[in-house]
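Peer 1: Handing you this structure, nothing more for now.
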Amino acid sequence: MKPLPLEDLEPVLNRFGVVYAVFARPDGGVLLRWGDASPIPILDESTFVGATRDMAQVYRSLERMLLPQMDVQGEYLGIRSKVGDQVVYALFFETRRFEAATPVERLRTEYAFCKSLGNAVDTALQAWLNNGKA
Numbered sequence: 090m091k092p093l094p095l096e097d098l099e100p101v102l103n104r105f106g107v108v109y110a111v112f113a114r115p116d117g118g119v120l121l122r123w124g125d126a127s128p129i130p131i132l133d134e135s136t137f138v139g140a141t142r143d144m145a146q147v148y149r150s151l152e153r154m155l156l157p158q159m160d161v162q163g164e165y166l167g168i169r170s171k172v173g174d175q176v177v178y179a180l181f182f183e184t185r186r187f188e189a190a191t192p193v194e195r196l197r198t199e200y201a202f203c204k205s206l207g208n209a210v211d212t213a214l215q216a217w218l219n220n221g222k223a
């Protein structure tokens, strides 16, 4: 597999305020780590490790799921998703940006943000995959 299109991904990750990102093949081989994971607290070892060290397990866990999947790590929200059958990714960003009058509104805002972020990453990766670079 050719290197991921960092020139297409990095502006998306910066625009959405992603702190840390991992992209991998379905077999778990990491294609790219981006950013700094050190500020993200490890509250749930299986969730954090699963999102960053065992991407093959993450890929299998996303089968037949609505994407993206969201996980909270302290003040950070993580999303996991995949692009077709070729790339799985985990992205982490701060949750403080989401303010809402009710918990339901906050969840809707978070999900809308995650969906937009996931779509933007998918678009950047899809162009790379469609051009036969994978």
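With the working numbering applied, the sequence shown covers 90 to 223. Each residue gets a CB set at the ideal place from its N, CA and C atoms; glycine is no exception. This structure is a prediction, so every number in the text was calculated from the model and none was measured.
Cβ of Ala145 versus every heavy atom of the ligand SAH: is any distance shorter than 7 Å?
Peer 2: Absence of the ligand SAH from the depicted structure is noted, as is the absence of any ligand whatsoever, leaving it without description.
Peer 1: Helix, strand or coil for Gln175 per DSSP?
Peer 2: Reduced to three states, the DSSP call for Gln175 is coil.
Peer 1: Measuring CB to CB, does Tyr178 end up less than 8 Å from Val107?
Peer 2: Not in contact: Tyr178 and Val107 (Cβ atoms no closer than 8 Å).
Peer 1: In the DSSP assignment, what are the bridge partners of Ala113?
Peer 2: BP columns for Ala113 point to Val119, Val177.
Peer 1: Using the rule of at least 16 other Cβ atoms within 10 Å of the residue's Cβ for burial, across every protein chain shown, is Asp211 buried or exposed?
Peer 2: Flag for Asp211 reads buried.
Peer 1: Given this structure, state the Cα-to-Cα distance separating Glu194 from Met159, to the nearest angstrom.
Peer 2: Distance between the alpha carbons of Glu194 and Met159 is about 16 Å.
Peer 1: Taking CB distances under 8 Å as the criterion, tell me whether Asp116 reaches chain C.
Peer 2: Chain labels in this structure do not include chain C; a single protein chain is all it has.
Peer 1: Does the distance from the C-beta atom of Val172 to that of Met144 stay below 8 Å?
Peer 2: No, they are not a contact pair.
Peer 1: With distance defined between alpha-carbon atoms, name the residue in Arg153, Glu183, Gln175 nearest to Gly167.
Peer 2: Selected option, being the one with the closest Cα: Glu183.
Peer 1: Since I believe Pro94 is in contact with Ala213 (beta carbons under 8 Å), could you give me their beta-carbon distance rounded to a whole number of angstroms?
Peer 2: About 6 Å; that satisfies the 8 Å criterion.
Peer 1: Are the Cβ atoms of Arg185 and Glu164 separated by less than 8 Å?
Peer 2: Yes, the Cβ-Cβ distance between Arg185 and Glu164 is below 8 Å.
Peer 1: Only counting the same chain, and skipping five residues up and downstream in sequence, which positions put a Cβ closer than 6 Å to that of Asp116?
Peer 2: Answer for Asp116: Ala145, listed in chain order.
Peer 1: When burial is assigned at 16 or more other CB atoms within 10 Å of the CB, is Pro130 buried or exposed?
Peer 2: Looking at its Cβ environment, which holds fewer than 16 other Cβ atoms inside 10 Å, Pro130 is exposed.
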